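Peer 1: First to last, the sequence lines map onto chains A and B. Per the numbering used here, the first sequence starts with residue 530, numbered consecutively. Per the numbering used here, the second sequence starts with residue 7, numbered consecutively. Every residue gets a Cβ at the ideal spot worked out from N, C-alpha and C, and that includes glycine. The structure displayed is predicted, hence computed values, not measured ones.
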Amino acid sequence: MMKFAFTILILASSVYSIVNGTTNEVSNAALSGCEEAVRLCITLAGSMALWGGIMRVAQKSGITDLIAKLFTPLLKLLFTGIDKNSKAFKAITMNITANLLGLGNAATPLGIAAVKELAGSEGKSGYASDNIIMLVVLNTASIQLLPTTVAVMRLAHGSKTPLDILPAILLSSLISVTAGVTVCKAFSQRQKLRLAYRRA
Amino acid sequence: MPFIICLVLITGLLKKVDVFEEFLIGAEENLRTAIDILPALIALMTCVCMLNASGLLEAVTTLLSPVTSLLGFPSECVPLAVMRPISGSGATAMLESILSENHPDSFIGRVACVLMGSTETTFYTMAVYYGAAGIKKTRHTLPCALTADFTGFLASVLTVRILF
């Protein structure tokens, strides 16, 4: 997917620049773009390292486990038919907690493990069960308690209060996750009704 | 934020964790990740800068502005919204581009940041999770994920309008 996107984007800019007479600017942009990327990366690297360090301490001190426990009742509502003591449920909980705490790198392997567990225990292989879909949708919708990347970028561009958008982000995330989850449940219900209808 | 750090460190000490050592390990891990991201960021930042410089981005934005202004969605954030479900580094590059032209505390700046913070990369996440588990029939995953993304875009504008 990326190979097409990448090629098309560069092709489109180059072609359009000829039409628009901006070939010089595009040429300069190609050279300065990479420099900006490195600068951006350095800006982000610091905060990523800081947060990663703190989160590891949190993990080793059992804080993440505690938070995971707090989420159990909510997660039981979202995921149907999984025993809360099963490996699958534990993996799901850890994945959601990692996402919440902004630990994308930890969340991904945990999420993959969770999907594998679910796929194994729920039967049909190569098939996304309702619970698997719920997990993936939750991961793609994202609720992050502390959006450090965005905050750091705001700071770098001169914002006086980089974290003032935090309530907005939380509210917006909540709305989008709710929408995603609702649609997900709606689809599963529709599926169940269809199957029941067929059997009747 | 400083309180969170204090809380974590104190809890760690109480639980007999070597907080400094663990911090270093965690920090190092994440530094590696930052470097892992760099190549993709270079690729996408170059794309974004070229798109911007050629004027194509502006053209697309102007094209879509009747629709977006109907929704109250700033047209400058449209490229970000389009990029977001596709690529995380692309979205970051796009955000960087938006923030260099609009102050982060402006309406446009804020909407862009809220959008970035409340949504996540859809296609990539799906590819990674389903690819690793060998799942081919994804059923209603994509519609639900995209619904979440779209709602997030609209919600970003709403929340910034209401809260600021």
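Residues of chain B with CB closer than 7 Å to the CB of Pro676(A), please, in chain order.
Peer 2: Under the 7 Å cutoff, chain B gives Gly123.
Peer 1: Using DSSP's beta-bridge definition, name the partner residues of Lys143(B).
Peer 2: Answer is Tyr656(A).
Peer 1: With contact counted as at least three CB pairs below 8 Å, one residue from each stretch, are the segment 115-135 of chain B and the segment 670-682 of chain A in contact?
Peer 2: Cβ pair count under 8 Å is three or more, so yes.
Peer 1: Could you confirm whether any beta carbon from chain B is found closer than 8 Å to the beta carbon of Pro696(A)?
Peer 2: Yes, Pro696(A) lies at the interface with chain B (some Cβ there is under 8 Å from its Cβ).
Peer 1: Exposed or buried, what is Met233(B) when buried is set at 16 or more other beta-carbons lying within 10 Å of its beta-carbon?
Peer 2: No statement about residue 233(B) is possible, as the shown extent of chain B runs from 7 to 170 and does not include it.
Peer 1: Tell me the rounded alpha-carbon separation between Leu19(B) and Val679(A).
Peer 2: Cα to Cα, Leu19(B) sits roughly 30 Å from Val679(A).
Peer 1: Please state whether DSSP places Gln720(A) in a helix, a strand or coil.
Peer 2: Three-state result, Gln720(A): helix.
Peer 1: On the three-state DSSP scale, how would you describe Asn614(A)?
Peer 2: Of the three classes helix, strand and coil, the one that applies to Asn614(A) here is coil, per DSSP.
Peer 1: Starting from Ala33(B), find everything on chain A with Cβ-Cβ shorter than 9 Å and list it in chain order.
Peer 2: Within 9 Å Cβ-Cβ: Met577, Ala578, Leu579, Trp580, Gly581, Gly582, Ile583 and Arg585.
Peer 1: With a CB to CB cut of under 8 Å and the five nearest residues on each side skipped, what residues in its chain are close to Leu101(B)?
Peer 2: Around Leu101(B): Leu86, Ala118, Cys119 and Met122.
Peer 1: With burial defined as no fewer than 16 other Cβ atoms inside 10 Å of the residue's Cβ, what is the status of Phe29(B): buried or exposed?
Peer 2: Phe29(B) should be labelled buried.
Peer 1: Which residues of chain B have a Cβ atom closer than 7 Å to the Cβ of Met623(A), listed in chain order?
Peer 2: The premise fails here: Met623(A) is roughly 15 Å from chain B at the closest Cβ pair, so nothing lies under 7 Å.
Peer 1: Does DSSP put Ser112(B) in a helix, in a strand, or in coil?
Peer 2: If DSSP states are grouped into helix, strand and coil, Ser112(B) belongs with coil.
Peer 1: My assumption, with CB atoms under 8 Å, is that Met132(B) sits in contact with Gly562(A). Please give the rounded CB distance.
Peer 2: Incorrect: roughly 28 Å between the Cβ atoms, too far for contact.
Peer 1: When the Cβ atoms of the segment 558-572 of chain A are set against those of the segment 45-61 of chain B, are three or more pairs found closer than 8 Å?
Peer 2: Contact between the segment 558-572 of chain A and the segment 45-61 of chain B is present, because at least three Cβ pairs lie under 8 Å.
Peer 1: Using a Cβ cut-off of 8 Å, pull out every chain A residue sitting near Arg116(B), in sequence order please.
Peer 2: Within chain A, the residues near Arg116(B) are Ile694 and Ala697.
Peer 1: Thinking Ser542(A) and Leu105(B) are a contact (beta carbons under 8 Å), I'd like their distance in whole angstroms, please.
Peer 2: At roughly 20 Å, the Cβ-Cβ gap does not stay under 8 Å, so Ser542(A) and Leu105(B) are not in contact.
Peer 1: Answer with buried or exposed for Arg585(A), where buried requires no fewer than 16 other C-beta atoms within 10 angstroms of its C-beta.
Peer 2: Its Cβ being crowded by 16 or more others within 10 Å, Arg585(A) is buried.
Peer 1: At the 8 Å Cβ level, is Phe716(A) part of the contact set with chain B, yes or no?
Peer 2: Phe716(A) counts as touching chain B.
Peer 1: Please report the straight-line C-alpha distance between Ala97(B) and Gly137(B), rounded to a whole angstrom.
Peer 2: Each residue's Cα considered, the two are about 22 Å apart.
Peer 1: Name the residue from Ile48(B), Leu37(B), Val25(B) and Ala65(B) whose alpha carbon lies nearest to the alpha carbon of Ser546(A).
Peer 2: When each option's Cα is compared against that of Ser546(A), the closest is Ala65(B).
Peer 1: In whole angstroms, give me the CA-to-CA distance for Gly633(A) and Ala627(A).
Peer 2: Between Gly633(A) and Ala627(A), the C-alpha separation is close to 7 Å.
Peer 1: Is any beta-carbon of chain B found at less than 8 Å from that of Phe608(A)?
Peer 2: So, not an interface residue.
Peer 1: Inspect the CB distances between the segment 151-165 of chain B and the segment 708-715 of chain A and report whether three or more fall short of 8 Å.
Peer 2: Contact between the segment 151-165 of chain B and the segment 708-715 of chain A is present, because at least three Cβ pairs lie under 8 Å.
Peer 1: Excluding five sequence neighbours on each side, which residues of the same chain lie with their C-beta closer than 8 Å to the C-beta of Asn108(B)?
Peer 2: Cβ within range, chain order: Glu82, Ile114, Gly115 and Ala118.
Peer 1: Are the CB atoms of Leu604(A) and Ile621(A) within a distance shorter than 8 Å?
Peer 2: Yes, the Cβ-Cβ distance between Ile621(A) and Leu604(A) is below 8 Å.
Peer 1: The alpha helix (DSSP H) with Phe26(B) in it runs from where to where?
Peer 2: Counting along the chain, the alpha helix (DSSP H) containing Phe26(B) begins and ends at Val25 to Ser60.
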